[in-house]
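Q: First residue of the sequence shown? That's 1 in the UniProt record's numbering, and the numbers climb one at a time after it.
Note that the Cβ used here is the ideal one computed from N, Cα and C, for glycine as well.
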Amino acid sequence: MTVKTYASPALDLGERARALAADLDTWVRRVRLDTQERWYERLHHDDDHEIWLISWLPGQTTGFHDHGESRGAFAVALGTLREHDLTADRELAPGEVREFGPGYVHEVRNTSAAPAVSVHVYSPPLSVMTRYDLTGSGLVERVQETAEQW
Numbered sequence: 001m002t003v004k005t006y007a008s009p010a011l012d013l014g015e016r017a018r019a020l021a022a023d024l025d026t027w028v029r030r031v032r033l034d035t036q037e038r039w040y041e042r043l044h045h046d047d048d049h050e051i052w053l054i055s056w057l058p059g060q061t062t063g064f065h066d067h068g069e070s071r072g073a074f075a076v077a078l079g080t081l082r083e084h085d086l087t088a089d090r091e092l093a094p095g096e097v098r099e100f101g102p103g104y105v106h107e108v109r110n111t112s113a114a115p116a117v118s119v120h121v122y123s124p125p126l127s128v129m130t131r132y133d134l135t136g137s138g139l140v141e142r143v144q145e146t147a148e149q150w
């Protein structure tokens with residue numbers, strides 16, 4: 001099955017994520033639900049950007065993390081997700097998009113009672129992610145992961 005990547009230079013990251021999230025026929029048969037951890041699959045990768053599809057069962061979370069030097073965007077395709085950064089808490093419904101720049105730290109989780117699916121676009125492709133713990137005195141770096149670990 002060929003996956004449309006919506007890689008037109010005219011589309012920004014948020015528009016790419018939104019367009020692919022709305023095109024369920026392109027990806028819905030690929031989605032898997034995993035009770036142990038979030039399921040994810042990279043749908044596209046080139047020198048400019050990459051696209052990931054992620055499914056979330058209730059309670060599954062990313063924990064606090066950044067995306068290194070990559071810009072990013074994600075769109076909710078099915079269900080609802082909650083994004084939390086150090087300034088706000090946002091509930092995101094299907095079709096809603098969050099865009100962010102390099103070094104942005106956030107946590108995304110499924111706080112609903114139903115599964116959710118989201119589409120994530122990063123440019124340049126992810127090379128490193130740092131995971132953090134939130135303590136009473138702020139964020140504490142826990143571990144840095146490289147792309148080879150995904």
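From the DSSP output, in three-state form, read off Q60 for me.
A: Note: Q60 maps to coil in three-state DSSP.
Q: Quick one: give me the first and last residue of the beta strand (DSSP E) that G136 is part of.
A: Careful: G136 lies outside any beta strand (DSSP E) and carries neither H nor E.
Q: Would you say R16 and V121 are within 8 Å of each other, going by their C-beta atoms?
A: Result yes, Cβ atoms of R16 and V121 sit closer than 8 Å.
Q: Cα-Cα, which of R38, Q36, L43 is closest to A21?
A: A21 has its Cα closest to that of L43, out of R38, Q36, L43.
Q: Let's see if you can read the secondary structure: which residues bound the alpha helix (DSSP H) around G14?
A: Counting along the chain, the alpha helix (DSSP H) containing G14 begins and ends at 13-22.
Q: With DSSP as the reference, please indicate the residues paired to V119 in a beta bridge.
A: DSSP lists L53, A75 as partners of V119.
Q: Looking at C-alpha atoms only, which residue of G136, G59, I51, E91 is the closest neighbour of S123?
A: Among G136, G59, I51, E91, the Cα nearest to that of S123 belongs to I51.
Q: Just the Cα atoms here: how many angstroms apart are G79 and W150?
A: Spanning the two alpha carbons is a distance of roughly 24 Å.
Q: Can you tell me whether W27 is helix, strand or coil according to DSSP?
A: DSSP places W27 in helix when its eight states are reduced to three.
Q: With DSSP as the reference, label E96 as helix, strand or coil.
A: E96: coil per DSSP, three-state reduction.
Q: Using three-state DSSP, classify Q36 as helix, strand or coil.
A: It is coil, neither helix nor strand.
Q: Return yes when the Cβ of V76 is within less than 8 Å of the Cβ of A88, no when it is not.
A: Contact: no.
Q: With DSSP run on the structure shown, which of helix, strand or coil describes E148?
A: Three-state DSSP puts E148 in a helix.
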